[in-house]
Each structure stands twice: as C-alpha cells, then as structure tokens.
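Have a look at the structure below, then the notes.
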Amino acid sequence: MNQASCVRFLHQKELEHVLTKIDDIRALDEIARFAPPGWSFRPVTCNGTSVCLLKEAGVLKRTHSCGSEHIIMRPTVVDVAKHLKCEANQRRTSKRRVAQTMERWFHQEFVKGLRQFGEFRVFIVTAKDITATRGRKGKVIEVVHTLELADRELVVTVLSSCASFPGPTETHQGIHIQQVKHFAFYAFETLRSRSDWFTVFESLEVGARIDVGVTMSGDVAQPFINEVTRIYEADFFAEWLAQPGTYVSSAVSTALAEVFIAATDS
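For what it's worth, my numbering labels the leading residue of the sequence shown as 310, then goes sequentially.
Here it is in structure tokens:
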C-alpha cells in the first residue's frame, strides 16, 4: 500500500444525514413501503414544521442530539407549543426558516412495544463476498437486547455469541430472535443497495448496529427499525459480552481494514 495514500471517513453528507435524523427516517419509511408482508410497519413521523400528521403529540425528538438527550416521552401542552410548529393554532415555519435553523424538533407516534419489549440491538458487520454488493455482504455477528425499567435501570441481555446463534424457534420477550435477525439483515442490505449509498450510507460498507423495536398487530409481532446506529458511534455493550468483550470491535476492525486498505490500493 502506498504510505502516502489516505481515505476520508466519513462522507460529510452522511454525517449531516445522521444528525438531522429525519433523512434516515424517510429512507426507512421507503424501505417499509416495499418490504415483505409483516415487515411494513413504521411509526408515523411528523417533521413538526408543516401540516401535522399525528392526532396526538406522541414522542418529541430533536435533531443534532445523542442517545436519549432531547427526547420528551410525555410532552406537555407547553412542550408541544414550544417546540412544534405543525399545530393548527400555530403559524407554519417556512422552508427557508427551517433551513436556517440547525436544530429542530419533530415528533413520532408512540409505540407501546418499545416500552413493553425493549429493543434488539443487531450488530451487522460486512465480510468479503464476490457475489454480493460491491464484493461485501453483511453478517449478523451479535444480538443484544435492552429494556429500560420504570426506574430507568437498563437491563441488558446478550442473545448470541461468536460460537452459535439461537435456534429458529428460540424467543426472548416472546419475540422470535431469528425473525429479528432476518429483518435487520434485510434492512441493512436494502440501505446498502440504495442509489445514494456512497454519500449517506457509506459507513454501512463496514457495518452498523440496527436497533429493532417490535409492535403487536393482534397476536402477531411486527418488527421495525427504530434507528440505524452508525458503527463508528455505536455502543458495543462490551462489558456484557463474553470477556474480554472484544468480539464485536475485532470484527469491525477487520472490516474497516479490508474496506479502506482496498480503497487506498485501488
């Protein structure tokens, strides 16, 4: 490899895409429209600046935020009036005004399943595969379940290991783990196949943490993507993994080297 070579990581547009959050949500909404039956659920999202798409306030979220910061789970009338401009009794915010404001609030449908079932954090890392998209294919290497209790204590359960995965009938919180894995993999590879992958989903060439929630339709569990957490900012839950807890980070490091050494050699 030429020592003078260098590759930038990541694309500026992807960073902006992640920070605004709305653009990722739109991409996931588009995937859901063409997804197989049972994988098409998406929480309704209102960008908070035009005609309101929600009958209730739901959950308020802010762009350019991290983790649980700037998320209001039970917004008051004051919260709604302060942060959202899509209410009928408020003047709409012009597109120019929105463009000039870096941080802005939006709101989403509240999904009870997130409280009831928690989230499945599915770690996907790519490996070489000459038959796959751009010579790489995602592989689910770990699944971690998180559930926040009423006192805000976080319960973390590792559902797979480097040695084996749960069988096709094994469940956690009543949810089939294999279904969660297949769904996350489908979404991951669909995002990689988008025409704008190079500018806004390039980091998925290495991997991602797909955070999967579940909603119930009668007795049927329907998974949905709560967030695509980029691999460079994802918590690997290393302290809960089999020690020394480096399994996920080692896989990510290998993929990073393969992707970017290949880029500098080309």
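Even glycine gets a Cβ: it sits at the ideal position worked out from N, Cα and C.
Reducing DSSP to helix, strand and coil, say where residue i ends up.
i	result
Gly527	coil
Asp439	Per the sequence shown, residue 439 should be read as Ile rather than Asp. Coil at Ile439, not helix or strand.
His416	strand
Lys446	strand
Gly422	helix
Ala551	coil
Val498	First, the amino acid is wrong: residue 498 is Glu here, not Val. Correct three-state label for Glu498: helix.
Thr372	coil
Ala336	helix
Ile433	strand
Glu365	coil
His320	coil
Asp388	helix
Ile540	coil
Arg400	Since pLDDT at Arg400 reaches only 47, below the 50 mark, its modelled position is unreliable, and no value is offered.
His485	strand
Val353	coil
Phe533	strand
Ala344	coil
Val453	strand
Thr508	helix
Glu428	strand
Leu468	coil
Leu463	strand
Val515	coil
Given residue i, which residues of its chain have a CB within under 8 Å of its CB, disregarding the five upstream and five downstream residues?
i	result
Asp388	Ala366, Leu369, Ile381
Glu498	Thr442, Lys446, Gly447
Arg342	Ser349
Starting from the C-beta of residue i, find all residues in its chain whose C-beta is less than 6 Å away, skip the five residues before and the five after it, and write them out in chain order.
i	result
Thr524	Phe350, Val420, Gly422, Gln531
Leu337	Ile534
Trp549	Val465, Val467
Val453	Arg430, Val467, Phe546
Does the beta-carbon of residue i have 16 or more other beta-carbons within 10 angstroms, so that it is buried, or is it exposed?
i	result
Cys471	Confidence in Cys471 is poor, its pLDDT being 44 and thus under 50, which makes the residue's placement too unreliable to answer from.
Ile570	exposed
Val527	The sequence given here has Gly at residue 527, not Val. Exposed.
Gln321	exposed
Pro384	buried
Lys394	buried
Val386	exposed
Asp520	buried
Ala564	buried
Ile439	exposed
Glu462	exposed
Pro352	buried
Leu513	buried
Can you give me the Cβ contacts of residue i inside the same chain, cut-off strictly under 7 Å, excluding the 5 residues immediately before and after it?
i	result
Glu511	Leu319, His320, Glu323
Thr538	Ala517, Arg518, Asp520
Gln488	Pro532
Ile334	Thr354
request  = Would you check if the stretch 482-498 and the stretch 423-435 touch, i.e. whether three or more CB-CB distances between them fall below 8 Å?
outcome  = Taking 8 Å as the limit for Cβ pairs, the verdict is that the stretch 482-498 does touch the stretch 423-435.
inquiry  = Check whether the stretch 486-499 and the stretch 447-456 touch, using three or more Cβ-Cβ pairs below 8 Å as the test.
reply    = Touching, per the Cβ criterion.
ask   = Okay, do the stretch 411-418 and the stretch 502-513 touch, 3+ Cβ pairs below 8 Å being the bar?
value = Three or more beta-carbon pairs separated by less than 8 Å are not found between the stretch 411-418 and the stretch 502-513, which leaves the two stretches without contact.
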